[in-house]
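**Q** In short: position in the sequence shown from 1, add 7, done, that's the numbering used here.
Take a look at the following structure, please.
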Amino acid sequence: MEQYKSGQYISQGYYKSFQPTLINKQLHVDNMEVLQLLSQADRELGRLDMYSKYIPNIDLFISMHVLKEATQSSRIEGTQTNMEEALLEKEDIPLDKRDDWEEVQNYTKAMEWAINELEKLPFSTRLIRGTHKVLLQGVRGERKQPGEFRNSQNWIGGATINDAIFIPPVHTAVPELMSDIEKFLYNEEIYIPELLKIGLVHYQFETIHPFLDGNGRVGRLLIPLYLVSKGILKKPILYLSDFFEKNRKLYYENLMLVRNNNNLSQWFKFFLVGIIETAKNGITTFDNILQLQKTVESSIQELGSRAVKAKKVVDYLYNRPMINAEKISEIVGISMPSAYKLIVDLEKIDILKEVTGGQRGRVYVFDNYLRLFK
């Protein structure tokens, strides 16, 4: 990929912004290490995708994958909400943590909105803008043009533009650059393997930084959305934010290596390793879920006549593994005293565990399940 040129820094008076080159053209990939990693990544994604076909009620478990992605992706941006807090209701969150909590909830909503829209919209700038609008609705970034490309200069790192680590292109260049990404994705006259295509698009999107806020979160969402849109994954079950968070320094260094040294090969290697590791972790998680399911189903049968009601609670817990007596009463259709009796049953067979330690407002967690996502 020696011919690849990432762009150039252009003086804007007292600072220099980076103007990336357009990507809608053929890219010849001849780096053997990249090609080997690409082959391995394809295999691991194929293995992961098999779970979409063979796990009954897979959608029950996908919401937890999305929630984990929401907390990890938001954490990269400085949000402190953990998974346990993300599972709580808004009224149970302390006031000083609600802004962070709402950002995580919006991330989940944005992902769900985008997946639903893919059924009627192509993967496009329109979809990207719509996802961004949902992401920033009613939270701290709501005054930063949700759903619209920026109309002013932004920068990455530093309190002021003079201290910036990186300055994206001027705002007037954004529409053409984003249109170029869309043309690249649908250009049938060029052939680039799909995983390298989305790897390049993620890099280019983060370099353009087309929005005033939320660029990192949207950029990471693009990866599972693209894989689903191309049929590489049938369900959104691969999220790279955990890998990017654990390798944050390398993530930013590899992006800068492309910008400053035209080193796209190194970025591809990092990106593909992320896909391989994340897919393997996803496979392990699904294997553990299947094993846990067997154990839980066996335990539920010990409850005799109460097993049917317990099964309703457990199905809810696979989707959202924190619950209180009121919710159990609602989903099973039983009185509060009966709900408390069912909680005792579920505690005895190690499905529920009380986490507040209080006498009122008790919350219970399906801890053995939640731990699979940590």
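Note that beta-carbon positions come from the ideal geometry of N, C-alpha and C, so glycine has one too.
Bear in mind the structure is a predicted one, so any value in this text is a computation, not a measurement.
For residue 353 versus residue 371, is the C-beta distance shorter than 9 Å?
**A** Contact flag set, yes.
**Q** So what's residue 372 in DSSP terms, helix, strand or just coil?
**A** Note: residue 372 maps to strand in three-state DSSP.
**Q** Runs of 4 residues minimum, wholly inside the segment 331-355: which ones carry the alpha helix (DSSP H) assignment?
**A** The segment 331-355 contains these whole alpha helix (DSSP H) runs: 332-339, 343-355.
**Q** Using the three-state DSSP reduction, which class does residue 12 fall into: helix, strand or coil?
**A** Reduced to three states, the DSSP call for residue 12 is coil.
**Q** Looking at residue 369: is its Cβ nearer than 9 Å to the Cβ of residue 332?
**A** It is a contact, given that the beta carbons lie within the stated cut-off.
**Q** Check whether the segment 270-289 touches the segment 36-54, counting contact only when three or more Cβ pairs, one atom from each stretch, lie closer than 8 Å.
**A** The segment 270-289 is in contact with the segment 36-54.
**Q** What does the alpha-carbon distance come out to for the pair residue 120 and residue 228?
**A** In a straight line, the C-alpha of residue 120 is about 12 Å away from that of residue 228.
**Q** Spatial neighbours of residue 198 within its chain, please: CB distance less than 8 Å, with the 5 preceding and 5 following residues excluded, ordered by chain position.
**A** For residue 198, where only same-chain residues beyond five positions count, the Cβ hits under 8 Å are 33.
**Q** Quick check on the burial criterion: 16 or more other C-beta atoms within 10 angstroms. Buried or exposed for residue 79?
**A** Label assigned to residue 79: buried.
**Q** Would you check if the segment 155-165 and the segment 215-226 touch, i.e. whether three or more CB-CB distances between them fall below 8 Å?
**A** In short, these stretches touch, since the Cβ pair count reaches three.
**Q** To which residues does DSSP link residue 328 through a beta bridge?
**A** The partner list for residue 328 (beta bridge, DSSP) is empty, contrary to what the question assumes.
**Q** Out of 330, 342, 105, 339, which one is the CA nearest neighbour of residue 362?
**A** If we check each option's Cα against that of residue 362, 330 comes out closest.
**Q** Nearest-angstrom Cα distance between residue 108 and residue 246?
**A** The straight-line gap from Cα to Cα measures roughly 20 Å.
**Q** Among 267, 193, 205, 203, which has the Cα closest to the Cα of residue 402?
**A** Past the edges of the chain, shown from 8 to 381, lies residue 402, and the structure says nothing about it.
**Q** Is the separation between the beta-carbon of residue 356 and that of residue 307 shorter than 9 Å?
**A** Going by C-beta atoms, residue 356 is nearer than 9 Å to residue 307.
**Q** Under the DSSP definition of a beta bridge, which residues are partnered with residue 96?
**A** In DSSP, residue 96 forms no bridge with anything.
**Q** Under 9 Å, do residue 132 and residue 189 count as touching if we go by C-beta distance?
**A** For residue 132 and residue 189, yes; Cβs fall inside 9 Å.
**Q** According to DSSP, residue 360 sits in a beta bridge with which residue or residues?
**A** For residue 360, which the question treats as bridged, DSSP gives the partners 372.
**Q** Can you list, in chain order, the residues of its chain whose CB lies under 6 Å from that of residue 206, leaving out five sequence neighbours each side?
**A** Only 275, 278 meet the Cβ criterion.
**Q** Using the Cβ count rule (16 or more neighbours within 10 Å means buried), how would you classify residue 57?
**A** Exposed, because fewer than 16 other Cβ atoms sit within 10 Å of the Cβ of residue 57.
**Q** Go through its chain and collect everything with a Cβ distance to residue 212's Cβ below 6 Å, but skip five positions before and after it.
**A** Counting only Cβ-Cβ distances below 6 Å, and skipping sequence neighbours, we find 226.
**Q** Do residue 286 and residue 52 come within 9 Å of each other at the CB atom, strictly closer than that value?
**A** Result yes, Cβ atoms of residue 52 and residue 286 sit closer than 9 Å.
**Q** Are residue 24 and residue 172 closer than 9 Å when you measure CB to CB?
**A** For residue 24 and residue 172, no; Cβs fall outside 9 Å.
**Q** Can you give the beta carbon distance from residue 110 to residue 146, rounded, assuming they're within the 8 Å contact cut?
**A** Going by Cβ atoms, the distance from residue 110 to residue 146 rounds to 5 Å, so yes, they are a contact pair.
**Q** Please name the residue, chosen from 320, 324, 124, 293, that lies closest to residue 235 on a Cα-to-Cα basis.
**A** Out of 320, 324, 124, 293, 124 has the C-alpha closest to the C-alpha of residue 235.
**Q** Who are the near neighbours of residue 264 in its chain, counting only those whose CB is closer than 7 Å to its CB and skipping five residues on each side?
**A** Here the set comprises 270, 273, 274.
**Q** Rounded to whole angstroms, what is the Cα-Cα separation between residue 117 and residue 193?
**A** Roughly 23 Å separates the two Cα atoms.
**Q** So within the segment 235-296, which uninterrupted alpha helix (DSSP H) runs reach at least 4 residues, ignoring any that extend past its ends?
**A** List check, alpha helix (DSSP H) in window: 248-253, 255-268.
**Q** Taking the straight line between their C-alpha atoms, what separation do you get for residue 244 and residue 65?
**A** Cα to Cα, residue 244 sits roughly 10 Å from residue 65.
**Q** For residue 179, is the classification buried or exposed, using 16 other Cβ atoms within 10 angstroms of its Cβ as the cut-off for buried?
**A** With fewer than 16 Cβ atoms within 10 Å of its Cβ, residue 179 is classed as exposed.
**Q** With C-beta atoms as the reference, is residue 181 less than 9 Å away from residue 115?
**A** No, these two residues do not count as a Cβ contact at 9 Å.
**Q** Would you tell me roughly how many angstroms separate the C-alpha atoms of residue 232 and residue 94, rounded to the nearest one?
**A** Distance between the alpha carbons of residue 232 and residue 94: 23 Å.
**Q** So, are the CB atoms of residue 144 and residue 113 less than 9 Å apart?
**A** Yes, the pair counts as a contact, with Cβ atoms nearer than the cut-off.
**Q** What is the rounded straight-line gap between the Cα of residue 346 and the Cα of residue 305?
**A** Approximately 21 Å, taken between the alpha carbons.
**Q** Can you list the alpha helix (DSSP H) stretches of 4 or more residues lying completely in the segment 125-183, in chain order?
**A** With a minimum length of 4 residues, the continuous alpha helix (DSSP H) runs that stay inside the segment 125-183 are 132-143.
**Q** Quick one: give me the first and last residue of the alpha helix (DSSP H) that residue 25 is part of.
**A** Run containing residue 25: none in the alpha helix (DSSP H); it sits in the beta strand (DSSP E), 23-27.
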